[in-house]
Amino acid sequence: MTGSDQVWGPTLNGQYDEAYFLSFVTGKPRTAYAASFGRTDFTPQILAEYKKLLSTYSGIAVRENSAVDLLTQMGIPCAGQVLDPTLLLTGEEWSKRIKRNIEGKYVLVYQLHNNPVLTDYALRFARHTGLPLYRISPTFHQIRRGGKFVYLPDLDEFLSYIKNCTYFLTDSFHGTAFALNFNKQFIEILPNNKTGSRNQSILQLTGLTDRILTDFSDFSMADKVIEYTLVNNILAKERQKSIAILKSLLSNR
1 MTGSDQVWGP
11 TLNGQYDEAY
21 FLSFVTGKPR
31 TAYAASFGRT
41 DFTPQILAEY
51 KKLLSTYSGI
61 AVRENSAVDL
71 LTQMGIPCAG
81 QVLDPTLLLT
91 GEEWSKRIKR
101 NIEGKYVLVY
111 QLHNNPVLTD
121 YALRFARHTG
131 LPLYRISPTF
141 HQIRRGGKFV
151 YLPDLDEFLS
161 YIKNCTYFLT
171 DSFHGTAFAL
181 NFNKQFIEIL
191 PNNKTGSRNQ
201 SILQLTGLTD
211 RILTDFSDFS
221 MADKVIEYTL
231 VNNILAKERQ
241 KSIAILKSLL
251 SNR
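Under UniProt numbering, residue 253 is the last one in the sequence shown; the count climbs by one each step, no gaps.
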């Protein structure tokens with residue numbers, strides 16, 4: 001089984017890795033759960049190569065609605081759009097992994113991409129709210145971007161910082177996923193490297209595309225509270241559907 005995340009997207013050298021298409025598997029069914037292309041701007045040549053590789057699969061479920069469209073364009077059958085594995089668990093289930101709660105009110109930023117506009121906005125947003133800015137990052141160079149720096153937090157810390165923040169700013173798909181699971185008041189800044197379809201897809205699914213920031217002089221989202229009753233109902237139904245599809249793929253051996 002392939003999955004999940006950007007397994008079918010280009011690597012750092014602009015190519016794709018055939019291993020993620022299970023090209024090494026012989027004589028056994030190939031399936032995919034919550035696989036992602038990461039983007040949509042592929043050349044006709046790449047799509048033709050993808051079609052050849054994916055035609056060997058006996059079952060495919062993808063993470064984004066844009067991926068469903070790509071498969072349809074290639075004529076590849078798709079079991080449907082499913083949730084990322086991190087969303088197959090509820091916020092309550094993830095909370096059991098937290099050993100220590102972060103105390104106090106604070107703005108949290110989880111930034112994966114080199115986007116000076118996001119860096120600057122996070123600092124100004126924190127000043128606007130009068131709250132301290134915390135920054136969690138897997139890379140040490142972000143220590144220069146301002147705020148209390150938390151380098152490479154373990155799972156417990158990572159979850160705790162998100163769950164206990166007052167406001168959350170992120171350009172990360174998985175940051176967004178945990179914001180949804182923990183019912184956080186978040187602001188989405190789409191990645192500046194053409195991979196924003198991942199973030200847009202989950203926000204479209206949950207009806208929260210209005211959380212995407214387009215005006216970086218606007219701080220009004222601090223006062224726009226997300227009503228999570230409908231969001232949680234959507235996630236519960238999608239979770240049930242996704243688990244059923246996953247079980248079906250796993251039984252396809």
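Every residue gets a Cβ at the ideal spot worked out from N, C-alpha and C, and that includes glycine.
Predicted, not measured: the structure shown is a model, and the values here were computed from it.
*asked:* Taking the straight line between their C-alpha atoms, what separation do you get for residue 283 and Leu180?
replied: An answer regarding residue 283 cannot be provided, because it is not within the stretch 1 to 253 covered by the chain.
_Cβ shell of Thr206 (< 8 Å), same chain only, five flanking positions each side left out_ = In the sequence shown, the residue the question calls residue 206 occupies position 206. So the qualifying residues of the chain are Leu180, Val231, Ile234, Leu235.
*Are at least three pairs of beta-carbons, each pair with one atom in the segment 186-200 and one in the segment 153-169, less than 8 Å apart?*
In short, these stretches touch, since the Cβ pair count reaches three.
_Inside the segment 97-177 only - alpha helix (DSSP H) runs reaching at least 4 residues_ = 116-129, 155-164
_By the three-class DSSP mapping on this structure, what secondary structure does Glu227 have?_
Residue numbering aside, residue 227 sits at position 227 when the sequence shown is read from its first letter. Coil.
*Beta carbon of Val107, beta carbon of Leu133: below 8 Å?*
As a first step, residue 107 is located in the sequence shown; it is residue number 107 there, counting from the start. As a first step, residue 133 is located in the sequence shown; it is residue number 133 there, counting from the start. Going by C-beta atoms, Val107 is nearer than 8 Å to Leu133.
_Within a Cβ cutoff of 7 Å, which residues of the same chain sit near Asn101, ignoring the five residues on either side of it in sequence?_
Counting from one through the sequence shown, the residue named residue 101 turns up at place 101. Ser160, Asn164.
*Whole angstroms is fine: what's the gap from Gln200's alpha carbon to Lys194's?*
In the sequence shown, residue 200 corresponds to position 200, counting from 1. In the sequence shown, residue 194 corresponds to position 194, counting from 1. If I take the Cα positions, the gap works out to 11 Å.
*Mind checking whether Gly38 and Ala61 have CB atoms under 8 Å apart?*
Taking the sequence shown and counting its residues from 1, one reaches residue 38 at position 38. Taking the sequence shown and counting its residues from 1, one reaches residue 61 at position 61. No, the Cβ-Cβ distance between Gly38 and Ala61 is not below 8 Å.
*Within 7 Å: the Cβ of Tyr16 and any heavy atom of the ligand SAM?*
The ligand SAM is not part of the structure shown, which contains no ligands of any sort.
*For the segment 34-53 against the segment 63-73, are there 3 or more C-beta pairs whose distance is under 8 Å?*
With a cut-off of 8 Å, the segment 63-73 and the segment 34-53 count as touching, because enough Cβ pairs lie within range.
_Rounded separation between Glu93 and Leu112 - CA only_ = As a position in the sequence shown, residue 93 is number 93, starting the count at 1. As a position in the sequence shown, residue 112 is number 112, starting the count at 1. So the alpha carbons of these two residues sit roughly 25 Å apart.
_8 Å Cβ cutoff met for Ile76 and Ser55_ = By one-based count along the sequence shown, residue 76 stands at place 76. By one-based count along the sequence shown, residue 55 stands at place 55. Yes, these two residues count as a Cβ contact at 8 Å.
*For Asp41, name the three-state secondary structure that DSSP assigns.*
For the purposes of this step, residue 41 is taken as the residue at position 41 of the sequence shown. The answer is coil: DSSP assigns Asp41 none of H, G, I, E or B.
*Along the chain, where does the beta strand (DSSP E) that runs through Ala67 open and close?*
If you number the sequence shown from 1, residue 67 lands on position 67. No beta strand (DSSP E) holds Ala67; the alpha helix (DSSP H) holding it covers 65-74.
*asked:* Between which two residues does the beta strand (DSSP E) holding Gly59 run?
replied: Taking the sequence shown and counting its residues from 1, one reaches residue 59 at position 59. Taken as a continuous stretch (DSSP letters only), the beta strand (DSSP E) holding Gly59 covers 59-62.
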